[in-house]
Amino acid sequence: MPARRLVTAAALFLLAAAAPGESPRPAGPELSYADMADLALAATVAAHVRVTDSVLLKKEQAAGVPANMARFYVQADMVS
949 MPARRLVTAA ALFLLAAAAP GESPRPAGPE LSYADMADLA LAATVAAHVR
999 VTDSVLLKKE QAAGVPANMA RFYVQADMVS
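The numbering used here puts the first residue of the sequence shown at 949, with every later residue one more than the last.
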């Protein structure tokens, strides 16, 4: 399960990085599995990776991230 959480964090990181110009939105409910599946199906790029390391970035390194969220630096090996 920890790997799934890291992959989820990596996916959220990529989503946050893809839209740096958007203004922060108020906190909403957590994404359900179905919500994540919908996002994955709509994605133009997907990769099967094995996360090898992740580091929580400091607030200075994560500009534009809402207070209730975090941004991670994720390293991964490509599986397929």
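Note that beta-carbon positions come from the ideal geometry of N, C-alpha and C, so glycine has one too. Source: prediction; values computed, not measured.
Query	Result
Three-pair Cβ contact test at 8 Å for the region 1010-1025 versus the region 994-1002	yes
For Leu1004, three-class secondary structure by DSSP	strand
Distance between beta carbons of Phe1020 and Val1003, contact taken as under 8 Å	7 Å
Close Cβ partners of Ala1010 (< 6 Å) along its chain, the five nearest in sequence each way excluded	Arg1019
Simplified DSSP assignment, three categories, for Met1026	strand
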